[in-house]
Every structure is written in structure tokens, then in C-alpha cells.
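Participant:
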Amino acid sequence: DIQMTQSPTSLAASVGESVTITCLASEDIYGSLVWYQQKPGKSPQLLIYGATILEDGIPSRFSGSGSDTQYSLKINSLQPEDFASYYCQNGLSTPRTFGGGTKLELK
Amino acid sequence: QVQLKESGPGLVQPSQTLSLTCTVSGFSLTSYNVHWVRQPTGKGLEWMGVIWTGGSTDYNSALKSRLSISRDTSKSQVFLKMNSLQTEDIATYYCARESYYYSSYIYVGYFDFWGPGTMVTVSS
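Protein sequences appear in the order of chains A and E.
Position 101, counted from 1, in the first sequence is what the working numbering calls 162; the numbers after and before it change by one each time, with no gaps.
Position 6, counted from 1, in the second sequence is what the working numbering calls 17; the numbers after and before it change by one each time, with no gaps.
Okay, structure coming up:
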């Protein structure tokens, strides 16, 4: 099974700052990487798929990059609504494992 | 529009069987895969299993011996059954639709719509 390791597990930042979250797959997933955002009490929301493709309606301050086993999610100019938890996921094969999550908190 | 909604008992007794239903609208179960994902309160997401468009299934190996996913395409419903429930199974359970495409023969799947989730507690 492919394991997904996210870092950091938590992150404190201020409005207007930029942050980067990384995700490491235990084997090559050929760019089939998904990012979700989850706010408390809500279902996860799709942000990025195929490592770099922004879902419709997601602000352009979110961007994804990476290949092979290493991927990242960057959020530029943080807005108050961006403080949430973020998860990466293997989109290539089953089991569709998720990373452990990154909680982005307001500094 | 696309919608998914989970339903089922919020309380299950230890060692009993959990039965959940995911009712979908706005798409066909023969055109999209549907996955189940759960999340203990304050913890991360755990993939449980999938029913593919053709009706076959795949499961998380840690749950495989207890878990069954099935569907009724005429009612647009997907069912989850998991037996021998314990306190470790306390979680919010989600169903999600998967969209996918192929990029140079590489499968790229992603969960584009999720249900609101249903909380399940295990207690006598």
C-alpha cells in the first residue's frame, strides 16, 4: 500500500502570509495527488487534483506542485477563511490513503 | 445538481452491525465510483472502501474482514455494512463521489463531491 506522509502536522501563520504544506508518497504516484481542505464540522472540500489542477471555484492563491513522490500545496496571501485542515491523498490506486493532515492556525 | 447524503443510526451497540446508506442524486452510480471515508472526532481521514461503476468493490485491508459495500442503482443508493463494531469505530462516516481521468495512461482520481457525513457512536 502507498503511504502518504504530510508535514507539518500543524502550522501557525498570519493573514497575508504564504505557507507551504508538503506530502511525501512512499512510492511514485505519477502526479496523481489530491489536496482537500476541511473546516470544523464540515466535509472535506476538493482543492487540487492531478497535483496541479485547481478545482473550479477555488481561489488562485492556492497552488499545487510536485512529481514522483514529493508534492506540495502553497497558499499565497492567507485569508481568514483559509485557516482549516488540509489533507493530501493518493489518487492513483487503492487504498486511496490520505496524509495525516495539516492544521493551519491563526498566529 | 450533484448531492450525496448519508443516513443511518447514530448509535450502535458494541459488537453489533453498522448499516449506513448513501443516497445520491444528480449522477448515476453506473457512471461514477462512490467511496466511503471515516473520521474519528479530531483525527484524520481514513479511506474505507469503494464500489466501482461496474459494481465490484475494494476495501481497506484493515477493515476488509468486517466491511461490505453494495448498491441499488435503481434507487441511487450505496450501502455500507460493517460488523463487530467497537469504540474504535466511533467516527463521522462520509460517502464521496469520485471523478477521474487518464493522463498518459496514469489514473488520476479525486473526490469532487462529499456528503455532509453522519456521526456514529458505539455504546451500550
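The beta carbon of each residue, even a glycine, is placed where N, CA and C say it ideally should be.
If you're wondering where the values come from, they're calculated on a predicted model, not measured in any experiment.
Measure from the C-beta of S93 of chain A to each C-beta in chain E and report whether the shortest distance is under 7 angstroms.
Facilitator: It does: the Cβ of S93 of chain A has a partner Cβ on chain E nearer than 7 angstroms.
Participant: I want to verify the contact list: residues of chain E whose CB lies under 7 angstroms from the CB of L107 of chain A, in sequence order.
Facilitator: What L107 of chain A touches in chain E: Y121, F122 and D123.
Participant: Which whole runs of the beta strand (DSSP E) in the region 86-151 of chain A are 3 residues long or more, in chain order?
Facilitator: Within the region 86-151 of chain A, the complete beta strand (DSSP E) runs of at least 3 residues are 94-99, 106-110, 123-128, 131-136 and 146-151.
Participant: So the candidates are E:V89, E:I62, E:S110 and E:M93; which of them puts its Cα closest to the Cα of R77 of chain E?
Facilitator: If we check each option's Cα against that of R77 of chain E, E:M93 comes out closest.
Participant: Hey, would you say N44 of chain E sits closer than 7 angstroms to T68 of chain E, going by beta carbons?
Facilitator: The answer is no: Cβ separation not under 7 angstroms.
Participant: Flag this pair as yes or no: are the beta carbons of Q98 of chain A and L108 of chain A separated by less than 7 angstroms?
Facilitator: Cβ distance < 7 angstroms, so Q98 of chain A and L108 of chain A count as in contact.
Participant: Using only the alpha-carbon positions, how far apart do Q140 of chain A and L134 of chain A sit?
Facilitator: Whole-angstrom Cα-Cα distance: 15 angstroms.
Participant: With T103 of chain E as the anchor, note down where its beta strand (DSSP E) starts and where it stops.
Facilitator: Here the beta strand (DSSP E) through T103 of chain E covers A102 to S114.
Participant: When you compare the CB of I80 of chain E with every CB in chain A, is at least one pair closer than 7 angstroms?
Facilitator: Not an interface residue.
Participant: In chain order, what residues of the same chain have a beta carbon less than 6 angstroms from the beta carbon of G161 of chain A, not counting five sequence neighbours either side?
Facilitator: Result list for G161 of chain A: Q67, in chain order.
Participant: Determine, using beta carbons only, whether S104 of chain A and P127 of chain E come nearer to each other than 7 angstroms.
Facilitator: In this structure, P127 of chain E lies closer than 7 angstroms to S104 of chain A by Cβ.
Participant: In its own chain, which residues sit with a C-beta less than 7 angstroms from the C-beta of F124 of chain E, not counting the 5 before and 5 after it?
Facilitator: So the qualifying residues of the chain are V13, L15, A107 and R108.
Participant: From the beta carbon of W58 of chain E, is the nearest beta carbon of chain A less than 7 angstroms away?
Facilitator: Answer yes: the Cβ-Cβ gap between W58 of chain E and chain A drops below 7 angstroms somewhere.
Participant: Is T66 of chain A helix, strand or coil by DSSP?
Facilitator: T66 of chain A: strand per DSSP, three-state reduction.
Participant: Can you find a CB in chain A that lies within less than 7 angstroms of the CB of G55 of chain E?
Facilitator: By this cut-off, G55 of chain E is an interface position.
Participant: With 7 angstroms as the C-beta to C-beta threshold (strictly closer), list the residues of the region 88-116 of chain E near chain A in chain order.
Facilitator: From the region 88-116 of chain E, only Y105 and S114 have a Cβ closer than 7 angstroms to chain A.
Participant: Have a look at A:E142, A:V80, A:A86 and A:D143 and flag the residue whose alpha-carbon is nearest the alpha-carbon of C149 of chain A.
Facilitator: Selected option, being the one with the closest Cα: A:A86.
Participant: Using the Cα positions of I63 of chain A and P156 of chain A, report the straight-line distance between them to the nearest angstrom.
Facilitator: Using only the alpha carbons, I get a separation of about 8 angstroms.
Participant: Using only the alpha-carbon positions, how far apart do G111 of chain A and G120 of chain E sit?
Facilitator: Computed Cα separation, rounded: 8 angstroms.
Participant: Just to confirm my understanding: we take E88 of chain A, look at its own chain, exclude 5 residues before and 5 after, and list those with CB closer than 7 angstroms. What are they?
Facilitator: The answer, listed in chain order, is I63 and T130.
Participant: State the beta-bridge partners of S42 of chain E as determined by DSSP.
Facilitator: Bridge partners of S42 of chain E: none, in fact.
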